[in-house]
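If you use the working numbering, the sequence shown closes out at 267, no skipped numbers anywhere. Quick reminder that beta carbons are idealized off the backbone N, C-alpha and C, glycines included.
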Amino acid sequence: MTTNIIIVGANGRMGKNVIQAVQADPQLRLVGATDSVHCSALGKDAGANAGGAHLGVIIGSDLDSVFKENFGVVIDFSSPVSTIHHVGICQKHKAPLIVGTTGLNAGQEQIILETGKFIPIVRAPNMSTGVNVLFSILAQVAEVLNEDFDIEISEAHHKNKVDAPSGTAKRIAQILCEKTGRQYPQDLSYERQARQEPRRKSEIGMQVMRGGDIVGEHCVYFCGQGERLELKHVVTNRQTFAQGALRAAKWIAEQKPGLYDMRDVLGF
């Protein structure tokens, strides 16, 4: 069975990678592509713009108009404000939605949660298989080590990434807080320069690096007396995220309304 795909944020890094991955998968068909009204790629063929073959799909700026001619799973890698607008359009057309946008605030996350009552949505800050396995491992390790080990998180991304810390780093912190009885986000520490005091027992340090073309790195340190455990995930190619998003798209096309994450997609 062929799954129709609509890409929102088609001219972005992730949008182009997803389009390339769609072209390489015979089970998928791109039927729509949009970006912002100020996008320089408006009017261009989505396939050619992504560095591939012409697909006959022109990049537009109105997701609602795409549904006048085609229906498909919407994959959104845009911006928080744009994503919430697209959530409403998907609800209107009862279209399944994959949300990969990061940097959403609590109110925006709540809107996505509520919309999950009406359409199937996969919401994931990171769609790579490996990092979602890391989430599962961290939950188990945190329960075992708990108060005996101090916890630190570091993350690194390319110099153009806007939000910090990353959505993945925040999700890691949430998992660690849930499993160790810490408070999220109150127990997170982002800066120690101005502090003249020892590390608080409950705090989780969060270190952020931005530079070059780093695709994505996340490392969690469990620091004990005389030993340290490091759990790290490194992405070297954005196709990792694209493949995860498309795996989610194939899966959600058959699901009932609800808010899902990559654990549901991967089956654990």
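I'd like to check one pair, residue 144 with residue 171: are the Cβ atoms closer than 8 Å? Mapped onto the sequence shown, residue 171 falls at position 172. Mapped onto the sequence shown, residue 144 falls at position 145. In this structure, residue 144 does not lie closer than 8 Å to residue 171 by Cβ.
Using the C-alpha atoms, what's the distance from residue 123 back to residue 49? The residue given as residue 49 occupies position 50 in the sequence shown. The residue given as residue 123 occupies position 124 in the sequence shown. Computed Cα separation, rounded: 23 Å.
For residue 9 and residue 18, the rounded distance between their alpha carbons: Along the sequence shown, read from residue 1 onward, the residue named residue 18 stands at position 19. Along the sequence shown, read from residue 1 onward, the residue named residue 9 stands at position 10. So the alpha carbons of these two residues sit roughly 8 Å apart.
Count the other CB atoms within 10 Å of the CB of residue 261; is the residue buried (16 or more) or exposed (fewer)? In the sequence shown, residue 261 corresponds to position 262, counting from 1. Taking all protein chains in view, the Cβ of residue 261 is crowded by 16 or more other Cβ atoms within 10 Å, so the residue is classified as buried.
Determine whether the beta carbon atoms of residue 153 and residue 222 lie at a separation below 8 Å. Along the sequence shown, one-based indexing puts residue 153 at 154. Along the sequence shown, one-based indexing puts residue 222 at 223. Taking C-beta atoms as the reference points, residue 153 and residue 222 fail to come closer than 8 Å.
Report buried or exposed for residue 210, applying the criterion of at least 16 other Cβ atoms within 10 angstroms of its Cβ. As a position in the sequence shown, residue 210 is number 211, starting the count at 1. Under this definition residue 210 is an exposed residue.
Considering Cα atoms alone, identify which of 29, 59, 97 and 240 is closest to residue 36. Within the sequence shown, the letter at position 37 stands for residue 36. Closest option to residue 36, Cα to Cα, is 59.
Give the range of the alpha helix (DSSP H) segment to which residue 169 is assigned. Looking up residue 169 in the sequence shown gives position 170. Annotation: the continuous alpha helix (DSSP H) that includes residue 169 extends over 166-179.
Would you call the CB atoms of residue 2 and residue 248 closer than 8 Å? To locate residue 2, count along the sequence shown from 1; it is residue 3. To locate residue 248, count along the sequence shown from 1; it is residue 249. Cβ atoms of residue 2 and residue 248: closer than 8 Å.
Nearest-angstrom beta carbon gap, residue 25 and residue 118 [assumed within contact, 8 Å]: Your numbering for residue 118 matches position 119 in the sequence shown. Your numbering for residue 25 matches position 26 in the sequence shown. About 27 Å separates the Cβ atoms of residue 118 and residue 25, ruling out a contact at the 8 Å cut-off.
Decide if residue 82 is buried, meaning its Cβ has at least 16 other Cβ atoms within 10 Å, or exposed. One-based indexing of the sequence shown puts residue 82 at position 83. Residue 82 should be labelled buried.
Is residue 94 helix, strand or coil by DSSP? Along the sequence shown, read from residue 1 onward, the residue named residue 94 stands at position 95. DSSP places residue 94 in the coil class of the three-state scheme, outside both helix and strand.
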